[in-house]
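Trainee: The structure's right below; bear with me while I get my questions together.
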Amino acid sequence: MDLIAESEINEEESIFGEEEIEISEEEKRNMLIQAITFMSAVLKQNPRRGIIGTMDCPLCKTKGSVSYTRSTYNGHLHAGCSACSVGVME
Ligand SMILES: [Zn+2]
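Following the working numbering, the numbering of the sequence shown begins with 19 at its first residue and continues without gaps.
The structure is reproduced here in structure tokens:
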């Protein structure tokens with residue numbers, strides 16, 4: 019199990035705090051559900067630390083458009099889809 023010691027708030031601010039767009043509660047919820055769906059699909063691939071891989075996107079179903087990397091020192095996962103631009107950063 020990995021310990022999450024870094025501030026997640028800062029990362030959220032850097033993603034959502036740049037533009038002044040009105041986002042409804044429903045859209046926020048959808049984004050969260052998408053992120054969770056995406057994240058669990060990537061983790062299902064069971065990426066080992068230090069590897070870089072690709073997989074089919076669980077959201078837009080585009081083949082091989084998701085690339086992911088897993089940090090060698092803290093196991094944190096970075097992944098993103100090049101087609102629908104959904105992504106996660108732990
Ligand atoms: Zn996608």
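Backbone N, C-alpha and C define an ideal beta-carbon position, used for all residues, glycine too.
#1: Sort ALA101, GLN63 and GLU40 by Cα distance to ARG88 and report the nearest one.
#2: Would TYR86 be called buried (16 or more neighbouring beta carbons within 10 Å of its own) or exposed?
#3: Tell me which residues pass a beta-carbon proximity test against ligand 1: closer than 6 Å to any heavy atom, given in chain order.
#4: By Cβ distance, which residues of its chain are closer than 6 Å to HIS94, with the 5 residues on each side in sequence left out?
Mentor: In this structure, then:
#1: Taking the first residue of the sequence shown as 1, we reach residue 88 at position 70. The residue with the shortest Cα to Cα distance from ARG88 is GLN63.
#2: Against the sequence shown, residue 86 aligns to sequence position 68. Flag for TYR86 reads buried.
#3: CYS75, LEU77, CYS78, THR80, SER83, CYS99, ALA101, CYS102 and VAL104
#4: The sequence position of residue 94 within the sequence shown is 76, counting from 1. The answer, listed in chain order, is GLU108.
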